[in-house]
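Those sequence lines, one after another, are chains A and B. To get our numbering, take the position in the first sequence, counting from 1, and add 33. To get our numbering, take the position in the second sequence, counting from 1, and add 33. A short worksheet on the structure shown next.
Protein chains: 2
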Amino acid sequence: MPSSPKIAKVEPLPGDEAKWIEFHKISWTDQAGTARIWEAAARKTRGKSGVDAVAINTIIHHPSRPTSTIIILQYRPPADAICVEFPAGLVDANETPSEASLRELHEETGYRGKLLHISPTIVSDPGMSSTNMQFATVEVVLKEGDKEPEQALEDGEFIERVVVPIDELYERLEKYSEEGKKVDARLWHWAAGLRFAKTL
Amino acid sequence: MPSSPKIAKVEPLPGDEAKWIEFHKISWTDQAGTARIWEAAARKTRGKSGVDAVAINTIIHHPSRPTSTIIILQYRPPADAICVEFPAGLVDANETPSEASLRELHEETGYRGKLLHISPTIVSDPGMSSTNMQFATVEVVLKEGDKEPEQALEDGEFIERVVVPIDELYERLEKYSEEGKKVDARLWHWAAGLRFAKTL
């Protein structure tokens, strides 16, 4: 039985010690011609695709169950909480974002699907960092009696997958929040957009 | 006529020079009891609300126009591009996220509205940073002939507001992407959720 993850210490990270992220001091000239400085974080892992990460909206069709998606629950040290997210991951150095989407979906959830759509490159938090991503939609068609597949997690990865009927997603995210879990902003926005559509 | 913003130089930012953001080296123990290190970025500006930022979905009702929202276009140095976002901003030290939502909406768009809903605290990019936010929905009711209000921008802020019929939002974001603008991931997800709802 795994125990609860726990933070022992948070220290300042010297720039020359950082392996995964780095800080940039951007000297720029604004629209009025004034010289300014902007501070930004960046990932050091961006490969030749130019895209840091992907997130995957899985659409599961099943003959007798409601159309569902998959969300994942995992402890994230920066938030010191169980976070609720779409399956997601970094794009490998020589991979395309489309390839990364199908690979990450398989690793984190066990499911293999067909890529229906991938977004253009969108920016994750552009006031603070250069990180970017693409958002994939992957279709999984199940037959009656299909078993839930095995996840293909790496050593040291603890990821719980949850299949949620899309119609119940927003309420499920509200409930996770009430329990103290932290919902990823992008997943929340997707569910909020879906719910908002019902009011139009 | 403002000129195009331009980046002159990007340098490593030493941690002791950073005013707005900081790097954390998080020592933690995972679910198997293994000691690990996680690198994370954080904002230094979080106030007593515990929430870094807000974004605002404005719902504009008008007697003879389609229900619309407001998006903003502004140059963001970390992305080195014009970014397309919901109105958004940092929560001031002694402010609540609800207060910040109405203030930022007024400053960036000129509109004053009524707060209909605010989300729980959600996490912006939890694999890489501790930044968090709340997502507000604000209603603006216009009468026939109401004039577009004046923005209340601070000196040095160059923000273009665009009122978009909600039914046209997704296609508008696709078009901006094709033009080389960078759409914020949260705004994209909201529009994608809204569009997905039409397929159900």
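Using N, Cα and C, we set each Cβ at its ideal position, and we do this for glycine too.
Under 8 Å Cβ to Cβ from residue i, same chain only, skipping five residues before and after it: list those, please.
i          : result
Lys-52(B)  : Lys-77
Phe-56(A)  : Gly-48, Glu-72, Ala-73, Ala-74, Ala-75
Asp-158(A) : Thr-164
Glu-193(A) : Ile-105, Leu-106, Gln-107
Thr-142(B) : Thr-91, Ile-103, Ile-105, Pro-120, Pro-182, Gln-184, Arg-194
Glu-207(B) : none
Glu-128(A) : Gly-80, Ser-82, Arg-136
Ile-54(A)  : Ala-74, Ala-75, Arg-76, Lys-77
Just to confirm, are residue i and residue j a CB contact at a threshold of 7 Å?
i          : j          : result
Ile-103(B) : Glu-118(B) : no
Pro-111(A) : Tyr-144(A) : no
Ser-60(A)  : Ala-41(B)  : yes
Lys-215(B) : Val-156(A) : yes
Asp-188(A) : Cys-116(A) : no
Leu-220(B) : Ala-230(A) : no
Ile-93(A)  : Ser-82(A)  : no
Ala-185(B) : Glu-140(B) : yes
Pro-198(A) : Pro-99(A)  : yes
Trp-223(B) : His-150(A) : no
Ser-210(B) : Pro-153(A) : yes
Gly-80(B)  : Ala-133(B) : no
Leu-46(B)  : Lys-58(A)  : yes
Note down, in chain order, each residue of its chain lying with its Cβ closer than 6 Å to the Cβ of residue i, except the 5 sequence neighbours on either side.
i          : result
Met-34(B)  : With a pLDDT of 48 at Met-34(B), under the threshold of 50, the modelled position of this residue cannot be trusted; read the value that follows with caution. There are no such residues.
Val-195(B) : Ile-104
Ser-162(B) : Ala-73, Ala-74
Glu-177(B) : Pro-96
Tyr-203(B) : Ala-224, Arg-228
Thr-62(B)  : Ala-68
Gly-122(B) : Glu-137
Ala-65(B)  : none
Gly-213(A) : none
Glu-50(B)  : none
By Cβ distance below 7 Å, which residues in the same chain neighbour residue i in space, the five residues on each side in sequence not counted?
i          : result
Pro-38(B)  : Tyr-108
Leu-138(A) : Ile-89, Thr-91, Pro-120, Tyr-144, Gly-146, Val-171
Glu-44(A)  : none
Val-174(B) : His-94
Asp-200(A) : Pro-99
Arg-205(A) : Val-197
So who's on the other strand from residue i, going by DSSP bridges?
i          : result
Asp-217(A) : Val-156(B)
Trp-71(B)  : Ile-59(B)
Leu-106(B) : Val-117(B), Glu-193(B)
His-222(B) : Answer by DSSP bridge pairing: none, since His-222(B) is not bridged.
Ile-93(B)  : Ser-101(B), Val-173(B)
Pro-198(B) : Ser-101(B)
Arg-76(A)  : Ile-54(A)
Pro-45(B)  : His-57(A)
Ala-230(B) : DSSP, once it has assigned bridges, lists no residue as partnering Ala-230(B).
Ala-86(B)  : Leu-123(B), Met-166(B)
Lys-39(B)  : Thr-62(A)
Closest Cβ-Cβ distance between residue i and chain E: below 7 Å?
i         : result
Lys-58(A) : Among the chains of the structure shown, chain E does not appear; the protein chains present are A and B.
Inset, instruction - Only counting runs of 3 or more residues, tell me where the beta strand (DSSP E) segments fall wholly within the stretch 108-177 of chain A, in order along the chain. - result: 114-118, 121-123, 147-151, 165-174
Inset, instruction - Decide yes or no for the touch test of the stretch 161-179 of chain A against the stretch 79-87 of chain A: beta carbon pairs closer than 8 Å, at least 3 of them. - result: yes
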